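K.L.:
Line by line, the protein sequences are chains U and A.
If you use the numbering used here, the first sequence corresponds to residues 1 to 337, in order.
If you use the numbering used here, the second sequence corresponds to residues 1001 to 1337, in order.
Quick reminder that beta carbons are idealized off the backbone N, C-alpha and C, glycines included.
Quantities reported herein were computed from a predicted structural model and do not represent experimental measurements.
My structure is below; once you've seen it, I'll send some questions.
Number of protein chains: 2
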Amino acid sequence: MPATIKDVAEKAGVSITTVSHVINKTRFVSEQLQQRVNIAIAELGYQPSHFGRGLRQGRSYTIGLLLPDPNDGFFQTVARGIEEHSQNHGFGITCCNTDEDPIKERFFISFMKQRSVDGLIIAPTTMAAESLSPLIHEGIPLVIIDRYIEDLPVDQVFSDNRTGSYQAAEHLLGLGHKRIGLLTGIRGITTTEHRLQGYRDCLQEHGIDVDESLIVEGRSKIEEGYAATEQLLLRADVTAVFSINTMMTLGALKCFKARGIDCPHDISLTGFDDPDWAAVFTPSLTVVAQQPYKMGYEAGELLFRAIEGQREEEQVQTIELKTQLIIRESTARSTGH
Amino acid sequence: MPATIKDVAEKAGVSITTVSHVINKTRFVSEQLQQRVNIAIAELGYQPSHFGRGLRQGRSYTIGLLLPDPNDGFFQTVARGIEEHSQNHGFGITCCNTDEDPIKERFFISFMKQRSVDGLIIAPTTMAAESLSPLIHEGIPLVIIDRYIEDLPVDQVFSDNRTGSYQAAEHLLGLGHKRIGLLTGIRGITTTEHRLQGYRDCLQEHGIDVDESLIVEGRSKIEEGYAATEQLLLRADVTAVFSINTMMTLGALKCFKARGIDCPHDISLTGFDDPDWAAVFTPSLTVVAQQPYKMGYEAGELLFRAIEGQREEEQVQTIELKTQLIIRESTARSTGH
DNA sequence: CTGAAAGCGCTAACAC
DNA sequence: GTGTTAGCGCTTTCAG
């Protein structure tokens, strides 16, 4: 039904080869023919078929994006950063949510392969490289984001979670807090583990033994944050809470609210990530901010460099983004207990 | 490099026809051959090429999604509802952000057409049908969401924005507020216009003349909401603010915070949409909640019905979703002035 | 019950 | 400077 290259060729009175070359600027064509072709294209409203081209070239002009949690505004912003590049290159994006499920991850990777994506950006669900190494082996351009995987010869972009976490803990210690509860995100992904490590390192370097009972495992839903906070509050001596991701932070706040706990007077709170509302909240939230847009942007840059072959083989890059501690109202000097 | 149907056929000692039929279950194949084929497929890790199939069938097993604002969690949830269906049908989703820009919208529609998407779900940037009617004419399955377009013979799913807004205004009137400021979203899209209309209708039916100076135009960024609220506050007699979208609401809250205005004691606030944090905020926010997941889900259902041809021609549906006024702490009885 | 072969729209090697 | 043509991987008619 839609016009094909053949229709254009006939209308312009040239061969389809010439049409192809005009479209792709892939060899010289005389002014005159170029014009005839362009006119024909315009009149027919011709657009090259994605399939014809793809079948021939084995390229899809599409990149795949595998993200764990669509509810998290963080990844939304990451996606924007990536989009910046894909638009410039005329590429499409196919995005799938893994929901932190390795099975889904595997499925979608295979899905993407079937569709011959030209590159893939993944925030992996696990620290293991099983599902990823085949990709690398097959030479599909790949960039890992958000979660660092050790010893994997592949481009990676992630935040310096350990330092971010360290600084948050140090900030709380500096305010006189000795017993700092930690709400973790889902275990087994590096973001969580590194943030946990930063907390541990900081306490230890300040001569404080880490009380494991102050570390409560959550995942990434408000209710889980709520429950984890309640559990934490059973220990009456907690004067500060450090929450490792946005949803857990909201859960903590909800719990505070339900129990009539005054933050920061009764308990200080520090979160990770800086969503729009964090600064508007009452109290405004002290947080460790990441650079989600930049994460996406850098990842996109690495990916397209690989796609366009402007990269030496085996020369992979690892980009660690700085975090920033933003001190607001939700943390205050410990009133002791 | 990856295995083709031909490789499978050779390995299984059958014709490619048979392989195709086994894969697609499109005609009877003896148990024996089926097994041989399936084994060969497994051993080769064969996946049918998306391009080969697409070129032949003119289908992409992909739907397109055009959304205006990726920062808005609302659309994120809508997308989840759609995804539910696309997963079940083994379809992919290609999503693009129009950023409320009709030019981008047009571009992406054309982009989607080139890629032969099997259907399109769009939250249009304007009330005009120009970019959309060609699609309808070409018979590409299409569902409009969020924003109603009159007299367009196409499936549509949207919220009853007028009633939602009406109820919010009525709630504020019931609390004794007489001078209710209105922060609008971007003008010219039906969501904004209908919400505006609901506000107007409510005041009028309660015998109150609408003071146009209480209606301040914003768009969809925090800073715009902030500025609009400041403008509103120049009128000292405003005792309540009704904000028409999430970002404007955040802007209003930010302004309140900056000026030391106590909500709801000094001024009541009602928002539209119910993001995660609205209930956790201090004060928790009275809002008109929509049903974003349902919006996506219904849209997906309509779209796939059309894609699979289970719909009479010219038999379009229009689904209006109820909104719900959720009364929380941010609205209180007017203390008068 | 199975296979041979045409052809979807395009690009690029090969002619001229 | 331009055209002819093979063939990418698949589905589907047609033949048997």
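Using the beta-carbon of each residue, which ones in chain U are nearer than 7 Å to residue 1276 (chain A)?
P.N.:
Going along chain U in sequence order, the residues near residue 1276 (chain A) (Cβ under 7 Å) are 222 and 250.
K.L.:
In this structure, how does DSSP classify residue 1155 (chain A) when only helix, strand and coil are distinguished?
P.N.:
In this structure, residue 1155 (chain A) counts as strand in the three-state DSSP scheme.
K.L.:
Quick one: does residue 1299 (chain A) have its CB under 8 Å from some CB of chain U?
P.N.:
Chain U contact via Cβ: absent.
K.L.:
Can you tell me whether residue 254 (chain U) is buried or exposed? The criterion is at least 16 other CB atoms within 10 Å of its CB, across all chains shown.
P.N.:
The residue is buried, with at least 16 neighbouring Cβ atoms inside 10 Å.
K.L.:
What are the boundary residues of the alpha helix (DSSP H) that residue 1078 (chain A) is part of?
P.N.:
Counting along the chain, the alpha helix (DSSP H) containing residue 1078 (chain A) begins and ends at 1073–1088.
K.L.:
Tell me where the alpha helix (DSSP H) around residue 1017 (chain A) begins and ends.
P.N.:
First-last of the alpha helix (DSSP H) with residue 1017 (chain A): 1016–1024.
K.L.:
So, do the segment 236–247 of chain U and the segment 301–317 of chain U have three or more beta carbon pairs nearer to each other than 8 Å?
P.N.:
Output reads no: the segment 301–317 of chain U does not touch the segment 236–247 of chain U.
K.L.:
Counting only C-beta atoms, is residue 1245 (chain A) closer than 8 Å to chain U at any point?
P.N.:
Residue 1245 (chain A) does not count as touching chain U.
K.L.:
Looking only at its own chain, which residues have a Cβ that is under 6 Å from the Cβ of residue 104 (chain U), when we skip the five neighbours before and after it?
P.N.:
Answer for residue 104 (chain U): 98, listed in chain order.
K.L.:
Give the DSSP-derived three-state secondary structure of residue 143 (chain U) in the structure shown.
P.N.:
The answer is strand: DSSP assigns residue 143 (chain U) an E or B state.
K.L.:
So which residues of chain U does residue 1050 (chain A) contact, with C-beta pairs closer than 7 Å?
P.N.:
Under the 7 Å cutoff, chain U gives 114, 115 and 116.
K.L.:
Output yes if chain A places a C-beta closer than 8 Å to the C-beta of residue 227 (chain U); else output no.
P.N.:
False, the Cβ-Cβ gap to chain A never drops below 8 Å.
K.L.:
How many angstroms separate the CA atom of residue 1199 (chain A) from the CA atom of residue 1176 (chain A)?
P.N.:
Each residue's Cα considered, the two are about 16 Å apart.
K.L.:
Kindly provide the ranges of any alpha helix (DSSP H) runs that are 4 or more residues long and lie completely inside the segment 1233–1261 of chain A, ordered along the chain.
P.N.:
Within the segment 1233–1261 of chain A, the complete alpha helix (DSSP H) runs of at least 4 residues are 1246–1259.
K.L.:
So, for residue 29 (chain U): in the same chain, excluding its five sequence neighbours on each side, which residues have a beta-carbon less than 8 Å away from its beta-carbon?
P.N.:
Around residue 29 (chain U): 18, 21, 22 and 37.
K.L.:
Kindly list, in the order they appear in chain A, the residues whose Cβ is closer than 7 Å to that of residue 33 (chain U).
P.N.:
In chain order: nothing, as chain A lies at least about 24 Å away.
K.L.:
Below 8 Å CB to CB, which residues in the same chain sit around residue 1334 (chain A) once its five sequence neighbours on both sides are set aside?
P.N.:
Only 1175, 1176, 1177, 1178, 1239, 1240 and 1268 meet the Cβ criterion.
K.L.:
Kindly list, in the order they appear in chain U, the residues whose Cβ is closer than 8 Å to that of residue 1066 (chain A).
P.N.:
In chain order: nothing, as chain U lies at least about 12 Å away.
K.L.:
Using C-beta distances below 7 Å, list every residue in its chain close to residue 1287 (chain A), excluding the 5 sequence neighbours before and after it, in chain order.
P.N.:
Once the five neighbours on either side are set aside, the close Cβ partners of residue 1287 (chain A) are 1270, 1271, 1272, 1273, 1274, 1278 and 1326.
K.L.:
Assign residue 210 (chain U) to one of three DSSP states: helix, strand, or coil.
P.N.:
In this structure, residue 210 (chain U) counts as coil in the three-state DSSP scheme.
K.L.:
For residue 1219 (chain A), which residues in the same chain have their Cβ closer than 7 Å to its Cβ, ignoring the five residues on either side in sequence?
P.N.:
Taken in chain order, the residues that qualify are 1185 and 1186.
K.L.:
Compare the beta carbon distance of residue 83 (chain U) and residue 93 (chain U) with 8 Å and say whether it is the shorter of the two.
P.N.:
Against a cut-off of 8 Å, the Cβ pair of residue 93 (chain U) and residue 83 (chain U) comes out as a contact.
K.L.:
Per DSSP, which residues does residue 1272 (chain A) bridge with? Please list them.
P.N.:
Answer is A:1288.
K.L.:
Does the beta-carbon of residue 24 (chain U) have 16 or more other beta-carbons within 10 angstroms, so that it is buried, or is it exposed?
P.N.:
Exposed.
K.L.:
Reducing DSSP to helix, strand and coil, say where residue 1202 (chain A) ends up.
P.N.:
In the structure shown, residue 1202 (chain A) sits in a helix (DSSP, three-state: H, G or I).
K.L.:
Thinking C-alpha only, which one of A:1214, A:1161 and A:1151 is nearest residue 1181 (chain A)?
P.N.:
Taking only the C-alpha atoms, the option nearest residue 1181 (chain A) is A:1214.
K.L.:
Can you give the beta carbon distance from residue 144 (chain U) to residue 154 (chain U), rounded, assuming they're within the 8 Å contact cut?
P.N.:
At roughly 6 Å, the Cβ-Cβ gap stays under 8 Å, so residue 144 (chain U) and residue 154 (chain U) are in contact.
K.L.:
In angstroms, rounded to a whole number, what distance separates the CA positions of residue 1152 (chain A) and residue 1126 (chain A)?
P.N.:
Cα to Cα, the separation comes out at about 13 Å.
K.L.:
What residues from chain A crowd round residue 93 (chain U), counting only those whose CB sits closer than 9 Å?
P.N.:
Near residue 93 (chain U) (Cβ distances below 9 Å), the residues of chain A are 1094, 1095 and 1096.
K.L.:
Which value, in whole angstroms, describes the spacing of the CA atoms of residue 123 (chain U) and residue 164 (chain U)?
P.N.:
Roughly 19 Å between the two C-alpha positions.
K.L.:
On the three-state DSSP scale, how would you describe residue 1216 (chain A)?
P.N.:
Correct three-state label for residue 1216 (chain A): strand.
K.L.:
For residue 96 (chain U) versus residue 55 (chain U), is the C-beta spacing smaller than 8 Å?
P.N.:
Contact: no.
K.L.:
Buried or exposed: residue 1079 (chain A), going by 16 or more other Cβ atoms within 10 Å of its Cβ?
P.N.:
Residue 1079 (chain A) is buried by the Cβ-count criterion.
K.L.:
Could you compute how far the alpha carbon of residue 89 (chain U) sits from the alpha carbon of residue 225 (chain U)?
P.N.:
Straight-line Cα distance between these residues: approximately 41 Å.
K.L.:
Are the C-beta of residue 1282 (chain A) and some C-beta of chain U separated by less than 8 Å?
P.N.:
Closer than 8 Å to some Cβ of chain U, the Cβ of residue 1282 (chain A) qualifies, so yes.
K.L.:
Once DSSP output is grouped into helix, strand and coil, what is the label at residue 1182 (chain A)?
P.N.:
Residue 1182 (chain A): strand per DSSP, three-state reduction.
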